[in-house]
Amino acid sequence: MDFKNITVAGGGILGSQIIFQAAFSGFEVSLYDINDTALEAADQRFKSYMEIYKDEVGATQDQVDAAYDRITGFTDLAEAVKNADLVIEAVPESIPVKEKFYRELSKVSPEKTIFATNSSTIPPSQLVGFIDRPEKFTTLHFCTEVWKHNIGEVMMHSGTKREVFDQVVEFAKAMGLVPIPIEKEFPGYVLNALFVPLCVQALRLYVNDISTPELVDKTYMICTEGPFGPFGLMDMIGINTCYSIATMMGEQGDDDMARVAVILKEQFVDKGKVGKQVGEGFYTYPNPAFSKPEFFK
Ligand code: NAD
Numbered sequence: 001m002d003f004k005n006i007t008v009a010g011g012g013i014l015g016s017q018i019i020f021q022a023a024f025s026g027f028e029v030s031l032y033d034i035n036d037t038a039l040e041a042a043d044q045r046f047k048s049y050m051e052i053y054k055d056e057v058g059a060t061q062d063q064v065d066a067a068y069d070r071i072t073g074f075t076d077l078a079e080a081v082k083n084a085d086l087v088i089e090a091v092p093e094s095i096p097v098k099e100k101f102y103r104e105l106s107k108v109s110p111e112k113t114i115f116a117t118n119s120s121t122i123p124p125s126q127l128v129g130f131i132d133r134p135e136k137f138t139t140l141h142f143c144t145e146v147w148k149h150n151i152g153e154v155m156m157h158s159g160t161k162r163e164v165f166d167q168v169v170e171f172a173k174a175m176g177l178v179p180i181p182i183e184k185e186f187p188g189y190v191l192n193a194l195f196v197p198l199c200v201q202a203l204r205l206y207v208n209d210i211s212t213p214e215l216v217d218k219t220y221m222i223c224t225e226g227p228f229g230p231f232g233l234m235d236m237i238g239i240n241t242c243y244s245i246a247t248m249m250g251e252q253g254d255d256d257m258a259r260v261a262v263i264l265k266e267q268f269v270d271k272g273k274v275g276k277q278v279g280e281g282f283y284t285y286p287n288p289a290f291s292k293p294e295f296f297k
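See the structure below:
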C-alpha cells in the first residue's frame, strides 16, 4: 500500500472523523466540501476531535497539532483530488447527490486514484454506473466515533480489482482500523445489517405508540448491559442520516417509515436537533438521561 494523499469528500459527521483519524495516522488529507460554511463547520469538528483524542486516545498536544496541520480544505473538487491516491466519499446518503458527485469526480480525478464510498445503505453496485473506473471502486465503511469504534468494512462489488481491495484493506490498517473484509456485496455490510433493522424496529415501536424512546432504550440496555440503546445509537449516527434512510424506505412503500420520516424531519432535522454531535437529539448531551442511574429506576 503506497497511499500518501487521501481526499475525503464531505466534512460532516463521519467525513470529519475519517479526516482527523487519517491525519492523526500520518496521512496528508484534503477535505472537499460544497462551500466555506461547510469547511468552517468541519474545522470546528476537527478542533473538538483534538480535545477528544487527548482525553480518550491519550494523544499529546504535539500529535493533535500535527494531525490538524496535515488537513487542507477545498471547495474546488479538481484541486482537492489533484494528488489523491484514494478518495473516500462521505457526502449525504442520497443517490442523486452521490450520482452528481461521482460523475464530477470521475471527470477530474487522476487515473491512479482509487474511490471508496462510506455509504451506509447504498451498495457499491448502485453507484458504480456513475464512475469511470469500476475496477478501482470499493467501499470503506466506518463506524461513528472512529477513534474508538475503529472498524473499516471494505466491501467489493463484483467488478472491484483484487489488488485495489487489498490496498484499501492495508490502508484501513494503516489508519488504525481493524479491517473487516467483505468479498461479496451485502446490503449494510456487517455492522448495518445488524444496526439498521434494530433502529427500524425501535422506530416502529415509537411511531405506532407501542413504546417510547426511553422505554425501548431501557429494555435494550438492561438486557444487553450495553452502554446505549437504539435511540441513543441513532443520536450517535446522526438523525439526518436516519431521516434519509426512513425517507428511502418510505418511498419504497414502508408506511411506518414514511411516518417516521415526517416526525424526524419536523421534530428533529428542521430544528437542528440532529443528535449527539450538536448536543441534542432524542436525548441531550453531554450527560444523556441514559447515562444516569435514575434512568433505570
Ligand atoms: P452529514 O450530513 O453529517 O455530512 C455530509 C457532508 O457532505 C456535509 O458536510 C455537506 O456539506 C457535504 N456535502 C453535501 N453535498 C456534497 C457534495 N455534493 N460534495 C461534497 N460534499 C457534500 O452526513 P454524514 O453522517 O457524515 O454521512 C455521510 C455519509 O457517511 C453517508 O453516506 C452516510 O451513510 C455515511 N455514514 C454515516 C455514518 C454516521 O454514523 N453518521 C456512519 C457510517 C457511514
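Numbering (the numbering used here), first residue to last: 1 to 297. Virtual Cβ for every residue (Gly too), placed ideally from N, Cα, C.
Ignore the nearest five residues each way along the sequence and tell me which others in residue i's own chain have a CB closer than 7 angstroms to its CB.
i	result
residue 283	232, 235, 289, 290
residue 108	77, 78, 81
residue 183	156
residue 38	11
Write down the C-beta distance between residue i and residue j rounded to the nearest angstrom, noting that I regard them as a contact closer than 8 angstroms.
i	j	result
residue 173	residue 179	6 angstroms
residue 202	residue 216	5 angstroms
residue 164	residue 144	About 25 angstroms separates the two Cβ atoms, so there is no contact after all.
residue 142	residue 264	That pair is no contact at about 22 angstroms.
residue 114	residue 167	7 angstroms
residue 147	residue 21	6 angstroms
Looking at the structure shown, is residue i part of a helix, part of a strand, or coil, going by DSSP?
i	result
residue 32	strand
residue 59	coil
residue 152	strand
residue 74	strand
residue 284	strand
residue 88	strand
residue 219	helix
residue 228	coil
residue 8	strand
Using CA coordinates, which residue listed in the options is at the minimum distance from residue i?
i	options	result
residue 72	138, 8, 274	8
residue 127	113, 166, 105	105
residue 90	228, 55, 241	241
residue 159	175, 134, 183, 168	134
residue 204	187, 257, 157	257
residue 96	24, 35, 122, 154	122
residue 186	154, 64, 49, 43	154
residue 124	112, 57, 252, 98	98
Short of 6 angstroms in beta carbon distance, which residues of its chain neighbour residue i, apart from the five on each side in sequence? Order them along the chain.
i	result
residue 152	140, 172, 177, 179
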